[in-house]
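Participant: Sending over a structure as structure tokens; questions will come in a sec.
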Amino acid sequence: NAGVTQTPKFRVLKTGQSMTLLCAQDMNHEYMYWYRQDPGMGLRLIHYSVGEGTTAKGEVPDGYNVSRLKKQNFLLGLESAAPSQTSVYFCASRTDFGQDEFYEQYFGPGTRLTVT
Amino acid sequence: GQQLNQSPQSMFIQEGEDVSMNCTSSSIFNTWLWYKQDPGEGPVLLIALYKAGELTSNGRLTAQFGITRKDSFLNISASIPSDVGIYFCAGQSPPTGTYKYIFGTGTRLKVLA
């Protein structure tokens, strides 16, 4: 049981380049999230999805797009990378069942992105 | 965006000592989560709290959901070197079932052997 996995683990981009980050979960979770983590800022929500085919904006969505074509995958895209997008990106997921575990969110190992 | 106030920001302790940290918010929460993050890794869920006043343990870790629903506390007893890392709190506001988690900025723990 792999939980939440992310690819790639590291990436260096030049300003203006594009890339896609992949998140996959094998827990049959409905909800998936993308966060970025910057020093001293905690985790900030970029986009999230409440189910296959749905996406919504979080608190810092500008410069990013997402897609949830399959329940187990959540993709984060950067169309034209900027140095301000240098960060560590985390994917997370949670179930939607009506139990206490409903609120438990599980994270992937992260993708470290540098934009030069 | 809104963030939780988490304190202390960092702490050095001797191996074997007990550790306490807390999170406070200006708004009430219906869930508190505590995570630990090791260098180069993602946050790992330690404890989840669902009711005001609830006290939950996970090994040497004990967390409490504050009565006012605006704060939570995490205690680590008899610390060991592998407790080193960053501890984050996260809260979820009513109404039930909303997607949004608010994260603290973390407490960086360093344990001196």
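If you're matching them up, the sequences are chains A and C in order. According to the working numbering, the first sequence holds residues 4 to 119 in order. According to the working numbering, the second sequence holds residues 548 to 660 in order. Glycine included, every Cβ here is placed at the ideal spot set by N, Cα and C. Computed from a prediction, not measured in an experiment: that's the story for all the values here.
(1) My output table needs one value for residue 565(C): the three-state DSSP class, helix, strand or coil.
(2) Tell me whether the beta-carbon of residue 91(A) lies closer than 7 Å to the beta-carbon of residue 40(A).
(3) Does the beta-carbon distance from residue 48(A) to residue 61(A) come in below 7 Å?
(4) What residues of chain C sit near residue 113(A), judged by a beta carbon separation below 8 Å?
(5) Using a beta-carbon distance cut-off of less than 8 Å, what residues from the segment 64-78 of chain A approach chain C?
(6) With 7 Å as the threshold, decide whether the Cβ of residue 92(A) is near any Cβ in chain C.
(7) Quick one: grab the DSSP three-state call for residue 630(C).
(8) Any beta carbon from chain C within less than 7 Å of residue 13(A)'s own beta carbon?
(9) Going residue by residue through the segment 61-110 of chain A, where are the continuous beta strand (DSSP E) segments of at least 3 residues, counting only ones entirely within it?
(10) Could you give the residue range of the beta strand (DSSP E) that holds residue 599(C)?
(11) Tell me whether residue 637(C) sits in a helix, a strand or coil according to DSSP, three-state version.
(12) Decide if the segment 568-581 of chain C is in contact with the segment 620-628 of chain C; the criterion is three or more beta carbon pairs, one per stretch, under 8 Å apart.
Facilitator: In this structure, then:
(1) For residue 565(C), the three-state secondary structure derived from DSSP is coil.
(2) Contact flag set, yes.
(3) Remark: C-beta atoms of residue 48(A) and residue 61(A) approach each other more closely than 7 Å.
(4) From the beta-carbon of residue 113(A), the residues of chain C found nearer than 8 Å are 587, 588 and 589.
(5) Within the segment 64-78 of chain A, no residue has a Cβ that lies closer than 8 Å to any Cβ of chain C.
(6) By the rule that beta-carbons nearer than 7 Å mark a contact, residue 92(A) does not touch chain C.
(7) Reduced to three states, the DSSP call for residue 630(C) is helix.
(8) At a cut-off of 7 Å between C-beta atoms, residue 13(A) does not count as an interface residue with respect to chain C.
(9) Here the runs fully enclosed are 68-70, 76-81 and 90-97.
(10) Unbroken run through residue 599(C): none, as it is neither H nor E.
(11) Looking at residue 637(C) - three-state DSSP - the assignment turns out to be strand.
(12) Yes, the segment 568-581 of chain C is in contact with the segment 620-628 of chain C.
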